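See below for the structure under consideration.
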């Protein structure tokens, strides 16, 4: 019987380790959609593809600050979107928000930040990036701890949908409690990391979560032409490492596992984010993005 196919790990190339350069901060508003984009930019205008970063559930541009600092200092324009109703973007009735509206927000941001951006998504944000890339021209995709599309999900059980309230907060994801207890499940994060994430987590649309659980269909035909890196964390309880590998196989993408990383440790840990940022930089360098 033939062996099961496996996603080949991405090998980070040897990188030029020159000292990082100064970073400047800016902002972009998309007034017609009530969106705020937080930009961290190199001191001089970059010729590289701009990076559009899309957060997941309960998130905001704050999720990306560590990546933005690292990558902007090395020559990339980084733009972190706040989806409607999140962090600095305008307040909305989250109970009425749909997945399609989030896709529209991400697509509008992609069109605003520059030609053929590289889309970087975390959790639900990764699924949003896939949806945008299936219709918009993008330079590349980087998907961290991704929510899977319908094509890779098992059928949802009705009680899972009923368990999602109209609007939810961090308790639904196991982030309401003593920092020490949360850190035991996320050992790549420090106590200050946990406190920061708890403090900044907002509210989320239950309708969008139910749509994602039921399965959002994405066609892989166009996506397979896009340079893509899928990153998974071995301690990610919400989006297991095996899911990330399955997505990489389905897309024909590069795959980079981090066995000791949790979901937020991949992006927001003071120390844990750096090896992930290095892998992302290596991917961007390899594909001249």
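In the working numbering, the protein residues as written are 56 to 344.
Glycine included, every Cβ here is placed at the ideal spot set by N, Cα and C.
Everything numeric in this text was worked out from a predicted model, so none of it was measured.
Evaluate the contact criterion for the stretch 192-207 versus the stretch 163-178: three or more CB pairs, one atom per stretch, below 8 Å. A contact exists between the stretch 192-207 and the stretch 163-178.
Would you decide whether residue 243 is buried or exposed? Buried here means 16 or more other CB atoms lie within 10 Å of its CB. To locate residue 243, count along the chain shown from 1; it is residue 188. Sixteen is the threshold: when 16 or more other Cβ atoms of the shown chains lie within 10 Å of the Cβ of residue 243, as they do, the residue is buried.
Distance CB(residue 203)-CB(residue 298) smaller than 7 Å: On the chain shown, residue 203 is found 148 positions in, with the first residue counted as 1. On the chain shown, residue 298 is found 243 positions in, with the first residue counted as 1. Yes. Within cutoff.
Classification of residue 261 by the beta-carbon crowding that lies within 10 angstroms, buried from 16 upward: For the purposes of this step, residue 261 is identified with residue 206 of the chain shown, where counting begins at 1. With 16 or more other Cβ atoms inside 10 Å of its own Cβ, residue 261 counts as buried.
Does DSSP classify residue 218 as helix, strand or coil? In the chain shown, residue 218 corresponds to position 163, counting from 1. Residue 218 carries a coil assignment under DSSP once its states are collapsed to helix, strand and coil.
Identified DSSP bridge partners for residue 241: Along the chain shown, read from residue 1 onward, the residue named residue 241 stands at position 186. Paired residue(s): none; residue 241 is not in a bridge.
What separation, rounded to the nearest whole angstrom, lies between the Cα atoms of residue 119 and residue 210? Translated into positions along the chain shown, residue 119 becomes position 64. Translated into positions along the chain shown, residue 210 becomes position 155. Near 32 Å, if we compare the C-alpha coordinates of residue 210 and residue 119.
Label residue 201 either buried or exposed according to how many other C-beta atoms from any shown protein chain fall within 10 Å of its C-beta, with 16 as the threshold for buried. Taking the first residue of the chain shown as 1, we reach residue 201 at position 146. So residue 201 ends up on the buried side.
Buried or exposed (CB count within 10 angstroms, at least 16 for buried), residue 231: For the purposes of this step, residue 231 is identified with residue 176 of the chain shown, where counting begins at 1. Within a 10 Å sphere around the beta-carbon of residue 231 sit fewer than 16 other beta-carbons, which makes this residue exposed.
How big is the Cα-Cα spacing for residue 57 and residue 121? Translated into the one-based positions of the chain shown, residue 57 becomes position 2. Translated into the one-based positions of the chain shown, residue 121 becomes position 66. Caution is warranted here: a pLDDT of 45 is assigned to residue 57, below 50, making its placement in the model unreliable, and no coordinate value can be reported.
Cα-Cα separation between residue 340 and residue 333, rounded to whole angstroms: Your numbering for residue 340 matches position 285 in the chain shown. Your numbering for residue 333 matches position 278 in the chain shown. Distance between the alpha carbons of residue 340 and residue 333 is about 10 Å.
Can you confirm whether the stretch 308-324 touches the stretch 286-300 when touching is taken to mean that 3 or more C-beta pairs between the two stretches lie within less than 8 Å? The stretch 286-300 vs the stretch 308-324: in contact.
So the beta strand (DSSP E) residue 34 belongs to, where does it begin and stop? Because the chain in this structure spans residues 56 to 344, residue 34 falls outside the shown range and cannot be described.
Thinking residue 75 and residue 128 are a contact (beta carbons under 8 Å), I'd like their distance in whole angstroms, please. For the purposes of this step, residue 75 is taken as residue 20 along the chain shown, with counting starting at 1. For the purposes of this step, residue 128 is taken as residue 73 along the chain shown, with counting starting at 1. Right, the Cβ-Cβ distance comes to about 3 Å (below 8 Å), so this counts as a contact.
Taking 8 Å as the limit between beta carbons, can you name the residues of its chain near residue 273, skipping five residues before and five after? Counted from its first residue, the chain shown places residue 273 at position 218. For residue 273, where only same-chain residues beyond five positions count, the Cβ hits under 8 Å are 182, 185, 186, 189, 204, 205, 206.
Could you give the uninterrupted runs of the alpha helix (DSSP H) lying entirely in the stretch 169-220, keeping only those of 4 residues or more? Listed in chain order, they are 179-188, 213-217.
Residue range of the beta strand (DSSP E) that includes residue 107: As a first step, residue 107 is located in the chain shown; it is residue number 52 there, counting from the start. 106-109 is the extent of the beta strand (DSSP E) around residue 107.
Considering just the uninterrupted stretch of the beta strand (DSSP E) at residue 419, what are its terminal residues? Outside the modelled stretch of the chain, which goes from 56 to 344, sits residue 419, for which no answer is possible.
Please say whether residue 168 and residue 97 have beta carbons closer to each other than 7 Å? Within the chain shown, numbered from 1, the residue matching residue 97 stands at position 42. Within the chain shown, numbered from 1, the residue matching residue 168 stands at position 113. No.
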